[in-house]
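Residue numbers (this note's numbering): 539 to 1127.
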């Protein structure tokens, strides 16, 4: 499917529910355009009647009556056109707002159904530009361009029909330049399309760069890289400027070109009308009436072409946006397993059985990994950076699916379990905790919105964050904003642990929860972790080995392979890779 067809199909999908409103707009546009096309005929009649009256020595009243009647009819048709177009505009504005609202809601809903892989491979700024730049372009086009296309298209066809009904010779003269106009327009539109498409892609890249730089502003400042950051911005911004200039140049040049051709065509029509009078094909009175009529029709004939070319960039940007949004909607949803099993609690344990996986097909990360976590036991996974520890967490949650092998939950393959059911039974404390806008209490009860305040406070106490929260002026009602910037990394982590405690999952994953904090905060987090792990089946991904000394089992990963297993004391006795990791760490403490 071509990009244009994909974009049109996207528009059709969202406009289809509003077919009644579209029908009303089309009917009203027919009325408006028909009235606007018919009105000039009365202008011609009035000129003919007036000319005849002035040339009549007897000055009969019949001609002047015809003059006034024609003027009145012309005025009535123009008023009818104006009223019809006004009502059509109001109707269209309503369903345009509703349909773009549907697009925005469906896009956000789609994001909530997609694989994590998509978000891992696309910059935040590019995703945000779908909601801002692309949807804004679509709304602007639907609110202006589509209305113009409907009304001007009807007027264009109606004008051609009426012109041939009035005088075929002048009608042919009026449309004689059309082939040349079409050839020039097609060439310029193809050029414009290339650069307008590129413009949107470059804007997405620019937004991605800006988001990345803002998120890393502290790193930029502390490393003295502000000028380098600005220089990088200029590179992306110049790409946008270049594509935008070329796109707007090729699309913008159409408007003055059409205006120039319109004036040329007007001169040709007047010349043809004058020649018809001079050659005696028509009387002077009739000829003047025809000239005035076709001067008006020449304007009416070119107006749709001029209007559409003037908004071509708007139309193309909307088509580009629709294409980009359609491509997002084409992305596969997570395999929701609608007929999968529902699970409640954990009776036996979680197992990874000969798991092979790679984020890219050509680079495998895990090579036949097998790990068993029995109910009520705590298993820690350790190893150097890049060994595959966090990958295991991603697979257990089905952020990604294994390439081969399987992961079971109570001996049931997790691919046969409903996603909602699986994730309701798995709790995660990530290395980088996230706080959402709202109060601290809202953040703690995020996974359990109906939790009582007593439950929230109890979870906060178990997470060793209650005293800090109480020290704040508004306590649990303290507002969290700007990604929780007023909270330290450790405090965010403790709030995240309290959130997990409140949801009370039967299986828990802790992903290097203490890797980014100081030793004092680490002790608090460790106590909170001990509280949440106690009696619970857990999977701990650890960087600091002293945090997992009491784990029932430690699995050592290296280069995607399990190379050692056992508890802390057993692994030390083996004096293998774990022994080296542990002694290297403790040597500096």
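Backbone N, C-alpha and C define an ideal beta-carbon position, used for all residues, glycine too.
Here the structure is a predicted model, which is why all the values come from computation and not from measurement.
Roughly how far, in whole angstroms, is the beta-carbon of residue i from the beta-carbon of residue j, given that I think they are within contact range, below 8 Å?
i            : j            : result
residue 637  : residue 552  : 5 Å
residue 749  : residue 663  : 4 Å
residue 884  : residue 913  : 6 Å
residue 1070 : residue 1046 : 6 Å
residue 807  : residue 712  : 6 Å
Who are the Cβ neighbours of residue i in its own chain at under 6 Å, not counting the five residues just before and after it?
i            : result
residue 609  : 584
residue 563  : 626, 629 and 630
residue 1022 : Here the model assigns residue 1022 a pLDDT of 47, short of 50, so the residue's position is not dependable and the matter cannot be decided.
residue 595  : In this predicted model, residue 595 has a pLDDT of only 47, less than 50, meaning its place in the structure is not dependable enough to derive any value.
residue 905  : 1098 and 1099
residue 978  : 1007, 1014 and 1016
residue 661  : 746
residue 1086 : 918, 1078 and 1080
Can you look up residue i in the DSSP assignment and give me helix, strand or coil?
i            : result
residue 904  : strand
residue 1069 : helix
residue 944  : strand
residue 889  : strand
residue 1001 : coil
residue 879  : strand
residue 910  : strand
residue 954  : helix
residue 1017 : strand
residue 1121 : helix
residue 678  : helix
residue 705  : coil
residue 871  : strand
residue 898  : strand
residue 595  : Unreliable positioning characterises residue 595 in this predicted model, as indicated by a pLDDT of 47, which lies under 50. A coordinate reading is not provided.
residue 646  : helix
residue 836  : helix
residue 1082 : coil
residue 672  : helix
residue 812  : helix
residue 989  : coil
residue 576  : helix
residue 939  : coil
residue 1135 : Because residue 1135 is not part of the residues shown, which for the chain are 539 to 1127, the question remains open.
residue 841  : helix
residue 1011 : coil
residue 651  : coil
What residue range does the alpha helix (DSSP H) around residue i cover?
i            : result
residue 1091 : Per DSSP, residue 1091 belongs to no alpha helix (DSSP H); it is in the beta strand (DSSP E), 1091-1096.
residue 928  : 927-934
residue 1027 : 1027-1041
residue 1077 : Per DSSP, residue 1077 belongs to no alpha helix (DSSP H); it is in the beta strand (DSSP E), 1075-1079.
residue 749  : 716-753
residue 663  : 662-667
residue 980  : 978-982
residue 551  : 541-553
residue 654  : 654-658
Mind checking which residues open and close the beta strand (DSSP E) that includes residue i?
i            : result
residue 1100 : 1099-1104
residue 917  : 916-920
residue 1046 : 1045-1049
residue 965  : 964-967
Excluding five sequence neighbours on each side, which residues of the same chain lie with their C-beta closer than 7 Å to the C-beta of residue i?
i            : result
residue 541  : 861
residue 961  : 935
residue 752  : none
residue 1006 : 1029
residue 1115 : 1094, 1096, 1101 and 1102
residue 687  : 846
Check whether the Cβ of residue i lies closer than 7 Å to any Cβ atom in chain C.
i           : result
residue 928 : Checking the listed chains, one finds no chain C in this structure; it contains a single protein chain.
With a threshold of 8 Å on Cβ separation, who are the neighbours of residue i within its own chain once the five nearest residues in sequence on each side are excluded?
i            : result
residue 616  : 573, 574 and 577
residue 1025 : 973, 1018 and 1033
residue 641  : 552, 673, 676 and 863
Segment contact, 8 Å Cβ cut-off, at least three pairs: the stretch 753-772 with the stretch 696-709: no
The stretch 1029-1042 / the stretch 997-1012 touching (three or more Cβ pairs under 8 Å): yes
Three CB pairs or more closer than 8 Å across the stretch 938-947 and the stretch 1068-1083: no
The stretch 636-654 contacting the stretch 865-872, beta-carbon criterion three pairs below 8 Å: yes
Three or more C-beta pairs below 8 Å linking the stretch 834-849 and the stretch 669-676: no
Meets three-Cβ-pair contact criterion under 8 Å: the stretch 974-986 and the stretch 1089-1098: No, they do not touch.
Inter-stretch contact at 8 Å, needing at least 3 Cβ pairs: the stretch 778-795 / the stretch 732-743: They touch, by the three-pair rule.
Cβ contact (3+ pairs, closer than 8 Å) linking the stretch 568-576 and the stretch 691-705: yes
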